[in-house]
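Enquirer: Heads up: the sequence shown begins at 4 in this note's numbering, then just goes up one per residue.
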Amino acid sequence: MASYDLIVIGGGPAGYVGAIRAAQLGKKVACVENDRAGGTCLNWGCIPTKALLKNAELYHTLTHKADEFGLSFTGLKYDWKKVVGRSRGVSDQLAGGIEFLFKKNKVDYIRGTGGLAANNKVEVVSPDGKKTETHSAKNVLIATGCVSRELPFLPFDGKQVIGSKEALQLDKQPKSISIIGAGAIGIEFAYFFNAFGTKVTVIEMMDTVLPVEDREVSETLRKSLEKSGIEIKTATKTTEAKVMKSGVELTLE
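1. With a cut-off of 8 Å on the beta carbons, I'd call Val93 and Ala33 a contact; round off their distance for me.
2. Rounded to the nearest angstrom, what separates Glu36 and Asp174 at their Cα positions?
3. In the structure shown, what three-state DSSP assignment does Glu207 receive?
4. Assuming Thr66 contacts Leu74 (C-beta within less than 8 Å), just tell me the rounded distance between them.
5. Cβ atoms of Asn123 and Ala146: under 7 Å apart, would you say?
6. Quick one: using the 10 Å Cβ neighbour count with 16 as the cut-off for buried, is Phe195 buried or exposed?
7. Indicate the three-state DSSP secondary structure (helix, strand or coil) for Ala5 in the structure shown.
8. Starting from Leu104, follow the alpha helix (DSSP H) in both directions and report where the run begins and ends.
9. In the structure shown, what three-state DSSP assignment does Asn142 receive?
10. Express the C-alpha separation of Asp8 and Asn108 in angstroms, rounding to a whole number.
11. Between Gly15, Arg24, Glu71 and Leu61, which lies nearest to Gly48 when the distance is taken from Cα to Cα?
12. Which full runs of the beta strand (DSSP E) of 3+ residues lie inside the region 10-72, going along the chain?
13. Could you check if Glu207 is buried or exposed, using at least 16 other CB atoms within 10 Å of its CB as the buried criterion?
14. For Gly250 versus Gly148, is the C-beta distance shorter than 7 Å?
What follows is the structure, given as structure tokens:
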């Protein structure tokens, strides 16, 4: 059992910054993370989706607007696995940068799932679940981040019903996809899949896409998305789902 001034549970944007800063101030620090450093934003959210969006924007420009730039060509193709692979490569590179900063600032980087075992005690279960270790700390910072939330009647199966994490590493491009939720994440995936030819339907319970943004922005964006071929159903609730071999059947209200 090691003893620290601070143990941070969670290596995302809050956790790794807190750990590194505490180490710079002379504290003995450990950071516990069950995935790669960087958290959801860097590994499974903001950063990889922006890499996919850049690919989609470039492909859309070349297929629909090349003439505006004085360009012409024939036989333009794309490699789906390379498109997805570039996104994962960007995340891996940045995660490696954070791990380098841990090493540079003498932060102990512990891979596993952390939890509070007792006062000033943090228990860490290894990623494979076979090993458990306990460390002590004067202070514990809990920065455990977020996970995708399933619908009660539509649990993720990693194949036909997926969350954002699975969507970022699909081996095969889907012919069609329904996206439940028109927030920032849902709209990003809608744009990306549509740009590469997947038939996309977006289902949103609120009256507008991006419901937490200004209505003018939401309405303008909706027009743009629909013009590009995305079907959008707002003020619509998904009430039932049936998963079959051929796909997923949704009941909408």
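In this text, a Cβ means the ideal position worked out from N, Cα and C, and glycines have one as well. Computed from a predicted model, the values in this text were never measured in an experiment.
Expert: Straight from the coordinates:
1. By 1-based counting over the sequence shown, the position of residue 93 is 90. By 1-based counting over the sequence shown, the position of residue 33 is 30. Contact doesn't hold; Cβ gap of about 27 Å is too wide.
2. As a working note, residue 36 is residue 33 in the sequence shown. As a working note, residue 174 is residue 171 in the sequence shown. Rounded to whole angstroms, Glu36 to Asp174 spans 26 Å at the Cα level.
3. Working through the sequence shown from its first residue, we reach residue 207 at position 204. Reduced to three states, the DSSP call for Glu207 is coil.
4. What you label residue 66 is simply residue 63 of the sequence shown in a count that begins at 1. What you label residue 74 is simply residue 71 of the sequence shown in a count that begins at 1. Not really, about 11 Å apart at Cβ, beyond 8 Å.
5. Looking up residue 146 in the sequence shown gives position 143. Looking up residue 123 in the sequence shown gives position 120. No. Outside cutoff.
6. For the purposes of this step, residue 195 is taken as residue 192 along the sequence shown, with counting starting at 1. Buried: at least 16 other Cβ atoms inside 10 Å.
7. Within the sequence shown, numbered from 1, the residue matching residue 5 stands at position 2. If DSSP states are grouped into helix, strand and coil, Ala5 belongs with coil.
8. As a working note, residue 104 is residue 101 in the sequence shown. Leu104 -> alpha helix (DSSP H) spans Trp83 to Lys107.
9. Counting from 1 along the sequence shown, the entry for residue 142 is found at position 139. Residue state, collapsed to three classes: strand.
10. Working through the sequence shown from its first residue, we reach residue 108 at position 105. Working through the sequence shown from its first residue, we reach residue 8 at position 5. Cα-Cα distance, rounded: 15 Å.
11. For this step, residue 48 is matched to residue 45 along the sequence shown. Per the Cα distances, Gly15.
12. 32-36
13. Counting from one through the sequence shown, the residue named residue 207 turns up at place 204. Flag for Glu207 reads buried.
14. The count along the sequence shown starts at 1 and reaches residue 250 at position 247. The count along the sequence shown starts at 1 and reaches residue 148 at position 145. Not closer than 7 Å, so no.
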